[in-house]
Every structure is written in C-alpha cells, then in structure tokens.
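Participant: Sharing a structure here in structure tokens format.
Residue numbers (the working numbering), protein chains in the order written: chain A, 1 to 175; chain B, 1001 to 1226.
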C-alpha cells in the first residue's frame, strides 16, 4: 500500500524530512509527503488518481492550478493532461527562490502502458524555457508515434523515415 | 538509421550507452542499461520488448550470446533488428539483421560495441570507436560523448548524396546504484560525474544485486575522474 511504502521510506532514510514524495499504485491508491525541511513553500494536493506537488514554489496556487488543469483536461489523452498540469503550474507563478522567480530549466513527460518499456519518455535537460520546449517536442513526437509503432511491428513494409517526414511536410503545407 | 555505442568502464564497472539518430526522442527508448547487470540495445526497426527482456535474462546469469539466441527465437522480425548486448564483465554479443537498411554493421573493440544502420559506411563505426578509445581513463560519460561525436564527424547517417542529420541524441550511464547517474540529451554532465566519484559504496546497489539474483562484487579499482 502506498501509505505503507511511505512509512518504509521514512524508516529507511535519516534525511526523510528533506524529501518530497508521492506514491501511486496501479489501483490509484496514493500517498504523499512534503517534509518539513523542504525549502521555500512546499506542499502537495491529492485528487482522484493524482498528486500534484512542489517545493520552492510561489505558493499553494501553483499546485492548485496543476490539479485544476489536470482535472479540467479529463477528456484529453493522459499525456496531454500531464502537460497541461505542469504548464498551469508554470503559469500560476511556478518556482520562487530567495532571489525571486526561478525559471524551469528542465522538464519531462513519462508514461508507461502495458509494457515494461515506456510508452512515452520525453525530456528536456537544459533549456531557458523547458516546458515550452517539452511541449514542442511532444507535439512533434505525436506525429511520429503511430509510424514508429507500425515500423517496429512490420519492418518489411515500413516507409523510410525520410519519406514519412516528407509526407508530414506536405500535410503541413496543405493546411 | 542510428549510430550508437555501448560501453563499459573497466576501472569502475560503470556501464552506459551513447546514441544518436534521425528519429525523435531516442533517449526515451534506452531502457536496457542496468547497474551491475549490463547493457542491451535494440535499434534499426526496434523491438521495444527486447531490451527489458535482455536485462532480465542477463540478471539471471544468461550470457550475452545466449540472450541473443533467445531474441532470435522470440521475434519473427529478428532479421530486421540490430542488437548489441554487453554484460557487466564486458562479454559481448552483437547482431545486424540483413533487413537493416542502408549501410549497417557493428564492430567490437576494448569494452565497447559500436553499431549503426543507414550510415555513410564503416568509417562511422571506426570514428565512434576511435572517439571512445581516445582517453580511456576519462569518465565513461566523456568517452560516450566522444564516441557519438566521432561517428558524426566520420560522416554519420545516410549515403553521401543524402546525409541525414542527427535529430536526437542521448547518453546514459549507470554506476553501482540502480538508477542512472547520467541520463542526458543536452545537459552538462561534468558535475554529476564528479560527484558520483564520492559515493563509492552503495547499499542500494547491494540490494539490487541480491534482488537480481546475481552475486555481489566489490569494486576492484579506485576510481579517478579527470
């Protein structure tokens, strides 16, 4: 159980009070912890199947905005809901340190499905506007996703990627 | 089309891969790098289930060559895959299926395998290996970066009249802990690779070995980072 996992992590870690942890299992049971020694404003909010959490933030509105955006995007794909959440957190003020606002320099989106390899695993490691860059990479990757899956399954008949890129460009030009 | 190199630091036992390709987000398809176990990477027309399976088999004590035989028997499209496997002792198996497009091949050298498809030619693999071997005492991250840079500078992807640029790239390195020490597409890894030199003992890696059913082995060499 996630609650019990958290208790085990606490018992196993002399610096537990410095950690911020969220745990969710495949049934949607969840537990979260924002240690009292997290810096700046730190906290979490839980809802149906999700935890939004953060530290060194502008304040509680940041995680509330994340939760609201995630819930509000319920009709979109899971990936888009996660992206909407971090974008909303950014737009609600994001991170604030001692010297004011701290920009997002890295960002990631990771989703697992039925397999033990990631369904999607995108990451921006160093960028002035990491969330925007992650969104750009995601929207581009979405165009390729079906192609990559099909190519792995049926390599014999696969269109060369360069040709696929040309079809994307044609579609874009036609729009 | 892709070129990559899987490698091992003999001094420290650290394992990793460097990879770059015309495809998007290649770093997100590198599950097969596991501390204390080995590296398994499938590319060309990849079978995404290969790499996690390969790591599980290596952790059970299967040799890379035998893992490759299992892949061949377990995949109707094995002839379209390109696979390199290395265990933590540096034992290697590599396969370039005849269905891989363009110039495709693999080449072994000390503690590494360079492999790629849709390349300008074998000089790309030679460039990668030369990059990897240039300064063998450097931290593995730097050696992997030099490998993919060497492959790029040797001509990279596509035939001479249709060069294909590298649109995504990644390096991934694991130490004795069961999480990556460096997973990066664009980040400077210098600080992290230095800091990991400090954590020479790891209780989590011990547990990881036990969980994986393989014997624990102590570090034999003191690590130095240049």
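Cβ atoms here follow ideal geometry from the backbone N, Cα and C, with glycine treated the same way.
Being a predicted model, the structure only gives us computed values, none of them experimental.
(1) Curious, which full-length beta strand (DSSP E) runs of at least 3 residues does the region 46-114 of chain A contain?
(2) Expressed to the nearest angstrom, what Euclidean distance is found between the alpha-carbon atoms of residue 1089 of chain B and residue 1048 of chain B?
(3) Going straight from the alpha carbon of residue 1126 of chain B to that of residue 1019 of chain B, what length do you get?
(4) Let's see if you can read the secondary structure: which residues bound the alpha helix (DSSP H) around residue 221 of chain A?
(5) Just curious, the alpha helix (DSSP H) that residue 11 of chain A is in, first and last residue?
(6) Work out the CA separation of residue 54 of chain A and residue 45 of chain A for me, nearest whole Å.
(7) Listed in chain order, which residues of the region 116-133 of chain A have Cβ atoms closer than 9 angstroms to some Cβ of chain B?
(8) Does residue 956 of chain B come within less than 9 angstroms of chain A when only Cβ atoms are used?
(9) Counting along the chain, where does the beta strand (DSSP E) carrying residue 1168 of chain B start and finish?
(10) Please compile the residues from chain A whose C-beta is within a distance smaller than 7 angstroms of the C-beta of residue 1046 of chain B.
(11) Quick one: what does DSSP say residue 1048 of chain B is sitting in, helix, strand or coil?
(12) Using a Cβ-Cβ distance cut-off of 9 angstroms, determine whether residue 1142 of chain B contacts chain A.
(13) Rounded to a whole number of angstroms, what is the C-alpha to C-alpha distance between residue 1180 of chain B and residue 1144 of chain B?
(14) Ignore the nearest five residues each way along the sequence and tell me which others in residue 109 of chain A's own chain have a CB closer than 7 angstroms to its CB.
(15) Starting from the Cα of residue 104 of chain A, find the closest Cα among A/94, A/112, A/113 and give me that residue.
(16) Helix, strand or coil for residue 1017 of chain B, going by three-state DSSP, please let me know.
(17) Quick one, which residues of the region 1069-1100 of chain B are near chain A if we go by CB-CB under 7 angstroms, in chain order?
(18) Sort B/1062, B/1110, B/1155, B/1075 by Cα distance to residue 1097 of chain B and report the nearest one.
(19) Between which two residues does the alpha helix (DSSP H) harbouring residue 1109 of chain B extend?
(20) From the DSSP output, in three-state form, read off residue 1126 of chain B for me.
(21) In whole angstroms, what separates the C-alpha of residue 1023 of chain B from that of residue 1094 of chain B?
(22) Using a Cβ-Cβ cutoff of less than 8 angstroms, which residues in the same chain neighbour residue 30 of chain A once the five nearest sequence positions on both sides are dropped?
(23) Helix, strand or coil for residue 1074 of chain B, going by three-state DSSP, please let me know.
(24) Strictly under 9 angstroms for the Cβ-Cβ distance: is residue 156 of chain A near chain B by that measure?
(25) Taking the beta strand (DSSP E) that residue 1144 of chain B falls in, what are its first and last residues?
(26) Does the beta carbon of residue 1183 of chain B sit closer than 9 angstroms to a beta carbon anywhere in chain A?
(27) In three-state terms, what does DSSP make of residue 18 of chain A?
(28) Quick one: give me the first and last residue of the beta strand (DSSP E) that residue 1115 of chain B is part of.
(29) Taking the Cβ atom as the reference point for each residue, do residue 1064 of chain B and residue 1085 of chain B lie within a distance shorter than 9 angstroms?
(30) Which residues of the region 1004-1029 of chain B have a Cβ closer than 7 angstroms to any Cβ of chain A? Give them in chain order.
(31) Using a cut-off of 8 angstroms between C-beta atoms, extract the partners of residue 137 of chain A located in chain B.
(32) So residue 1049 of chain B contacts chain A; which residues on that side make the cut at Cβ distance below 9 angstroms?
Facilitator: With the given structure in hand:
(1) 50-57, 95-97, 100-102, 107-112
(2) 24 angstroms
(3) 15 angstroms
(4) Any question about residue 221 of chain A goes unanswered here, given that chain A covers just 1 to 175.
(5) 2-11
(6) 9 angstroms
(7) 116, 117, 118, 120, 121, 122, 123, 124, 125, 126, 127
(8) In this structure chain B extends from 1001 to 1226, so residue 956 of chain B is not present and cannot be described.
(9) 1168-1174
(10) 152
(11) coil
(12) no
(13) 15 angstroms
(14) 79, 82, 83, 120, 122, 134, 138
(15) A/94
(16) strand
(17) 1077, 1080, 1099
(18) B/1075
(19) Here residue 1109 of chain B belongs to no alpha helix (DSSP H); instead the beta strand (DSSP E) covers 1103-1109.
(20) helix
(21) 22 angstroms
(22) 2, 22, 23, 24, 46, 49, 50, 51
(23) helix
(24) yes
(25) Unbroken run through residue 1144 of chain B is the alpha helix (DSSP H), 1140-1153; no beta strand (DSSP E).
(26) yes
(27) helix
(28) 1112-1119
(29) yes
(30) 1022, 1023, 1024, 1025, 1027, 1028
(31) 1024, 1025
(32) 115, 116, 117
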